[in-house]
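To start, the structure under review is shown below, and the notes come after it.
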Amino acid sequence: KWKTPAGSTCHRTCHIVIHHAPTIANTKLLHTDVSNICAPKNQICIKLVAKNSHINHQSAYAQTKRAMASGDEFRLTSPEIDHEGRMPRKYTGEGQGAKKNISPPLEWYNLPQGTKSLALVVQDIDAPDPKGPLVPWTHWVVVNIPPTLKKLPESFSGKEEEGGGEYGEIKEGNNDWKVPGWRGPMLPNHGHRIEFKLYALDDDLHLGHKVTKDKVLEAIKGHVLGEAVLIAIF
11 KWKTPAGSTC
21 HRTCHIVIHH
31 APTIANTKLL
41 HTDVSNICAP
51 KNQICIKLVA
61 KNSHINHQSA
71 YAQTKRAMAS
81 GDEFRLTSPE
91 IDHEGRMPRK
101 YTGEGQGAKK
111 NISPPLEWYN
121 LPQGTKSLAL
131 VVQDIDAPDP
141 KGPLVPWTHW
151 VVVNIPPTLK
161 KLPESFSGKE
171 EEGGGEYGEI
181 KEGNNDWKVP
191 GWRGPMLPNH
201 GHRIEFKLYA
211 LDDDLHLGHK
221 VTKDKVLEAI
231 KGHVLGEAVL
241 IAIF
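In my numbering, the protein residues as written are 11 to 244.
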């Protein structure tokens, strides 16, 4: 338990940091405003400890990655995006990412037994406006990802054939701009949740030349062995 500057007791300590980064469990914080440590978002706590103990994002991510790999839950992660964290602008339609359509890197762990292929659907689940009627907007569809692969590298979209080998078996479907591949969000108002959902399937998908989200979601009925979700905020 921690005491905040106001004198109240905080039960939300940095246990999540210690769990994901055991090597810094005994780090002496140089920061005295422990009220920030009691914030409800674990990401804030993680970044605070990392900043004051000189542990960078990649180091913390590497330790989190090892923790996930040692468990048994089907998980989807990204070295560039924390779950429920902000999506870096280079993967969006704004700033340095404008018109480049750079797809973010993704990694997954602990596939369900019997997985024959993976399918990825990425959509804005708060479109067109978090306060209005929700009509999810598709940003990316990827099917027939071999279960022997463990990740999609950054800028993978549009380059699957260049990757050769097993990457050549992957097929990208149309997004809601009616073109295949990744298209980053570019919105008039922010705060939208971009959902990356990875499906572990017991078979390959045979969807013909044109692949869409609707076709994928219909075809996977009865074939889903597990789902893993990563949420990015834009």
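For each residue, glycine too, the CB sits at the ideal point set by N, CA and C.
- By alpha-carbon distance to H233, the top candidate from L116, L128, E94 is L128.
- Your pair P115 and P163 checks out as a contact, with CB atoms roughly 6 Å apart and the cut at 8 Å.
- Distance from the CA of N120 to the CA of G175, rounded to the nearest whole angstrom, comes to 22 Å.
- Per the Cβ contact rule, the segment 186-198 is in contact with the segment 87-106 (3 or more Cβ pairs under 8 Å).
- Taken in chain order, the complete beta strand (DSSP E) segments of 3 or more residues contained in the segment 99-180 are 116-119, 127-134, 147-155.
- For G95 and G201, the gap between their C-alpha atoms comes out near 11 Å.
- Taking A229 as the centre and dropping the five residues before and after it, the same chain places the C-beta of L215, L217 closer than 7 Å to its C-beta, in chain order.
- Annotated as distal: N185 and V239, with beta-carbon spacing of 8 Å or more.
- According to the DSSP secondary-structure assignment, F206 is paired through a beta bridge with V132, L240.
- When the five nearest sequence neighbours on each side are left out, the beta carbons in the same chain lying within less than 7 Å of the beta carbon of W192 are those of N111, S113, H149, W150, S167, in order along the chain.
- K160 and L86 have their C-alpha atoms some 10 Å from each other.
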